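A quick write-up on the structure given underneath.
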Amino acid sequence: MGISIEWSMTQNAWDKRVCEDYWAYDHKISYIDYIRLLCQKYSINTHVLFETVSQCYACLDDVCCEYCGSACPIEVPADIAYMRAKESWFCAVCEHAMWRGDSVSK
0 MGISIEWSMT QNAWDKRVCE DYWAYDHKIS YIDYIRLLCQ KYSINTHVLF
50 ETVSQCYACL DDVCCEYCGS ACPIEVPADI AYMRAKESWF CAVCEHAMWR
100 GDSVSK
């Protein structure tokens with residue numbers, strides 16, 4: 000159980016390594032220091048780092064929508080602990096459908 004990454008068709012092996020390293024953040028050092036280390040490791044600036052990371056789709060395969068079972072998307076490593084601590088989670092599509100269902104039936 001962990002983080003699943005779905006790649007963009009345009010991403011190459013280097014992009015994938017950058018993304019995998021980004022999502023491997025383990026909170027042992029500050030997030031800012033970790034970003035600096037990644038930028039140094041790959042000789043890139045933060046703009047390039049975040050542009051590269053934004054091309055992939057990351058989700059938690061152990062946090063799933065209570066209704067449809069889809070995995071929970073995450074945008075930053077801080078989302079990981081926050082989403083895992085939630086008692087339940089609904090994806091945006093199911094949440095919207097439930098909201099519409101409630102408002103229609105009233």
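The numbering of the sequence shown is numbering that gives the first Met the number 0, which starts it at 0 and goes up by one. Ideal Cβ positions, reconstructed from N, Cα and C, are used throughout, including at glycine. Nothing here was measured: the structure is a model prediction, and the numbers come from that model.
According to DSSP, Ser3 shares a beta bridge with Cys58.
The C-beta separation of Asp14 from Gln54 comes to about 7 Å, placing the pair in contact by the 8 Å criterion. Apart from sequence neighbours up to five positions away, no residue of its chain approaches Ala91 with a beta-carbon distance below 6 Å. When rounded, the separation of the alpha-carbon atoms in Ile34 and Ala57 is 17 Å. In the same chain as Trp6, and ignoring 5 residues on each side of it, the C-beta atoms closer than 7 Å to its own belong to Lys15 and Cys55, in chain order.
Within the same chain, Cβ atoms closer than 8 Å to the Cβ of Ala77 are found at Tyr30, the five residues on either side in sequence being excluded. With a 10 Å radius around the Cβ and a threshold of 16 neighbouring Cβ atoms, Val47 comes out exposed. If you draw a straight line from the Cα of Ile28 to the Cα of Glu50, it is about 22 Å long. The bridge partners DSSP lists for Cys71 are Leu59.
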